[in-house]
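In our numbering, the protein residues as written are 1 to 350.
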């Protein structure tokens, strides 16, 4: 399986860039503790985000999700999970049928509906089939549920193609192209970056949420020349997994059976990943600095984005990174993140 990933990666290299995301869904067969993971490194023009939860009703699930700061009513979720053990996220795709300009970018609304209504992967399939068309989307929707199911729905206005997480494909990685879309799309270099960084962990079956939030999302590995740019004095911000446009890195740690849905956790690194610290989020508990406030978005997001700006400068039309200064901060924040992981897990064993 890893051979197939790497062969496809080498065929897929390009240098395109856009508002985008890097993501993966991982079966419990490849994780350290046997729990599935859904991960999204979010790139967007909405730099400041927040986290909020919704309460259950007679006909809907309780859930927690990430939102844009401007979305003060929390209507459009961009990654989240619910009390049934269902989790969802998306990446934009750029090689499916494009939606009309006056009816597009509706992915967040669909994901909010899914979190409220769906308990399983099949429920989400039924939701896509039942929603009025055109959908107003061009996206790869990644989902997992509490029954061990998962996959990507590569979805346009009218149709979708489903790629299932199973024994043959225990990990599926997506950036900003859809396999069903044929040639084109964006994010192929980030796809190869992610495949390369994950390859040894796929072989060892030891993938963890912190590997995703605090290694991949902090890595400046660059696949076209197979080098790590983190030791260079200055670097052009291009095709790394963390980009100037990254607003969060989130890994949702799922469960293997529905009766354990209460053990799910959304590991949330808010802001540009090298400038942020990962914290545990659940439906019942959101850290105070991730909650929306009167200044717009949340404190953790604003502070990380402000710090990020101190490490970037523009030269000859390109954003460049003061790498030594950034790496010092990133290493400090990674240490804080790993402490948060350890403390949370220790608290659950008591």
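Beta carbons: idealized from backbone N, C-alpha and C, even for Gly.
Just so it is clear, the structure is predicted and the values come from calculations on it, not from any experiment.
For residue 54, the three-state secondary structure derived from DSSP is strand. Within its own chain, the residues whose Cβ lies closer than 7 Å to the Cβ of residue 139, once the five positions on either side in sequence are excluded, are 90, 91, 92, 93, 107, 155, listed in chain order.
Nearest to residue 102 by alpha-carbon distance, out of 88, 116, 136, 112, is 136. A check of alpha carbon separations from residue 226 across 253, 237, 189, 262 identifies 189 as the nearest. Counting along the chain, the unbroken beta strand (DSSP E) around residue 253 starts and ends at 246–253. Going by DSSP, residue 340 is part of the alpha helix (DSSP H) stretching over 323–349. One thing to note: residue 220 has its Cβ within 8 Å of the Cβ of residue 235. Per DSSP, residue 256 lies in no alpha helix (DSSP H) segment and is marked neither H nor E. Rounded to the nearest angstrom, the gap between the Cα atoms of residue 171 and residue 233 is 35 Å. The distance from the Cβ of residue 32 to that of residue 206 is about 5 Å, consistent with a contact at the 8 Å cut-off.
Distances from the alpha-carbon of residue 203 to those of 63, 214, 23, 29 put 29 closest. For the pair of segments examined, the region 284–304 was found to touch the region 267–274: the number of CB pairs separated by less than 8 Å reaches three. Of 349, 58, 50, the smallest CA-CA separation from residue 80 is found for 50. For residue 304, no beta strand (DSSP E) segment is defined; the enclosing uninterrupted segment is the alpha helix (DSSP H) at 299–309. In this model, residue 111 and residue 294 are separated by some 25 Å (Cα to Cα). In the DSSP assignment, the residues bridged to residue 154 are 140, 161. For residue 160, the CB contacts under 7 Å within the same chain, skipping 5 residues up- and downstream, are 128, 153, 154 in chain order.
Scanning the region 14–46 from its first residue to its last, the whole beta strand (DSSP E) runs of 3-plus residues come out as 21–26, 37–43. Under the three-state reduction of DSSP, residue 229 is assigned to helix. Judged by DSSP in its simplified three-state form, residue 265 adopts strand. Just so you know, the alpha carbons of residue 265 and residue 311 end up roughly 31 Å apart.
Check the Cα spacing between residue 246 and each of 68, 331, 143, 76: the tightest is with 68.
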